[in-house]
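Engineer:
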Amino acid sequence: NAGVMQNPRHLVRRRGQEARLRCSPMKGHSHVYWYRQLPEEGLKFMVYLQKENIIDESGMPKERFSAEFPKEGPSILRIQQVVRGDSAAYFCASSTSPDRGGSNTEAFFGQGTRLTVV
Amino acid sequence: DAKTTQPPSMDCAEGRAANLPCNHSTISGNEYVYWYRQIHSQGPQYIIHGLKNNETNEMASLIITEDRKSSTLILPHATLRDTAVYYCIVRSLMEYGNKLVFGAGTILRVKS
Numbered sequence: 002n003a004g005v006m007q008n009p010r011h012l013v014r015r016r017g018q019e020a021r022l023r024c025s026p027m028k029g030h031s032h033v034y035w036y037r038q039l040p041e042e043g044l045k046f047m048v049y050l051q052k053e054n055i056i057d058e059s060g061m062p063k064e065r066f067s068a069e070f071p072k073e074g075p076s077i078l079r080i081q082q083v084v085r086g087d088s089a090a091y092f093c094a095s096s097t098s099p100d101r102g103g104s105n106t107e108a109f110f111g112q113g114t115r116l117t118v119v
Numbered sequence: 722d723a724k725t726t727q728p729p730s731m732d733c734a735e736g737r738a739a740n741l742p743c744n745h746s747t748i749s750g751n752e753y754v755y756w757y758r759q760i761h762s763q764g765p766q767y768i769i770h771g772l773k774n775n776e777t778n779e780m781a782s783l784i785i786t787e788d789r790k791s792s793t794l795i796l797p798h799a800t801l802r803d804t805a806v807y808y809c810i811v812r813s814l815m816e817y818g819n820k821l822v823f824g825a826g827t828i829l830r831v832k833s
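Sequence lines, in order, name chains A and B. The opening residue of the first sequence carries number 2 in this note's numbering; numbering runs sequentially from there. The opening residue of the second sequence carries number 722 in this note's numbering; numbering runs sequentially from there.
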């Protein structure tokens, strides 16, 4: 059973370009979470998506960032007009349907995409 | 904001048990304690979670105090590959999904 797959592993973009980060969840997982880790800082939650729905985007910057998880295909985190401050590691995690009120299942993380803006 | 307090760093001799403490004095009755770790430059890895009973799996043991205000993650025989940042996270049973709020964690250095 393949784990959470993220690609590309490394991405270099010039300022002003667009960055697209892809995440394929584990088989059977329909919930995806994106996190950002700035250099020498901790992991920060960005957005939580279920198939075709955004459940929680409280950690997403208000401009230039968007995320989707279509019915078919991977989840995409899109950053428009990148700036140097967007340079970071972006991690995706996935889980099965959560069991509210019961024993929650754990989330599994991918190896991340390291975005460098030059 | 993270609801846990962990020491910033710890050292452990290879082959010895590593005991990583976590304080979560404001934990409520419907919140689980989760542990993840992040080995340098890799994605976080799930270790274990528990509600009020002690838990054990192939990676570690989790000891939760009776009042649930603190817990300890135990790696019984630490190896050099266990060097990582260890995160203690509390999250609610009633919260939909598996959103995790990471704090600064504990940097565990296993030394030969």
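In this text, a Cβ means the ideal position worked out from N, Cα and C, and glycines have one as well.
(1) Spatial neighbours of A:Lys52 within its chain, please: CB distance less than 7 Å, with the 5 preceding and 5 following residues excluded, ordered by chain position.
(2) Between B:Lys820 and chain A, is there a C-beta pair that is closer than 8 Å?
(3) Does DSSP classify A:Gly86 as helix, strand or coil?
(4) Do B:Thr827 and B:Val811 have their C-beta atoms closer together than 8 Å?
(5) If you count every other CB in all the chains shown that lies within 10 Å of the CB of B:His745, and 16 or more means buried, which is it?
(6) Determine the DSSP secondary structure at B:Asp803, reduced to helix, strand or coil.
(7) Per DSSP, which one or two residues make a beta bridge with B:Pro742?
(8) Suppose you measure from the CA of A:Trp35 to the CA of B:Ala739; what does that come to, to the nearest Å?
(9) Should A:Gly4 and A:Gly74 be called a contact, given that it needs their Cβ atoms to be closer than 8 Å?
(10) Please decide whether B:Gln727 counts as near chain A, where near means a Cβ-Cβ distance under 8 Å.
(11) For A:Ala20 versus A:Ile80, is the C-beta spacing smaller than 8 Å?
(12) Of the residues B:Leu783, B:Tyr767, B:Glu816, B:Ile768, which one's Cα is nearest the Cα of B:Asn774?
(13) Check the DSSP bridge columns for B:His770 and list the partner residues they point to.
(14) Around the Cβ of A:Ala68, are there at least 16 other Cβ atoms within 10 angstroms (buried) or fewer (exposed)?
(15) Closer than 7 Å, Cβ to Cβ, to anything on chain A: give me those residues from the region 796-812 of chain B, in chain order.
(16) From B:Leu814 to B:Ser749, what does the alpha carbon distance come to, in whole angstroms?
(17) Measuring only the C-alpha atoms, how far is A:Leu39 from A:Leu116?
(18) So with Cβ pairs under 8 Å, would you call A:Ser88 a contact of chain C?
Structural biologist: Well, looking at it:
(1) Ser31, Phe70, Lys72
(2) yes
(3) helix
(4) no
(5) buried
(6) helix
(7) B:Thr793
(8) 30 Å
(9) no
(10) no
(11) yes
(12) B:Leu783
(13) B:Tyr755
(14) buried
(15) none
(16) 10 Å
(17) 10 Å
(18) Looking at the structure shown, chain C is missing, and the protein chains on hand are A and B.
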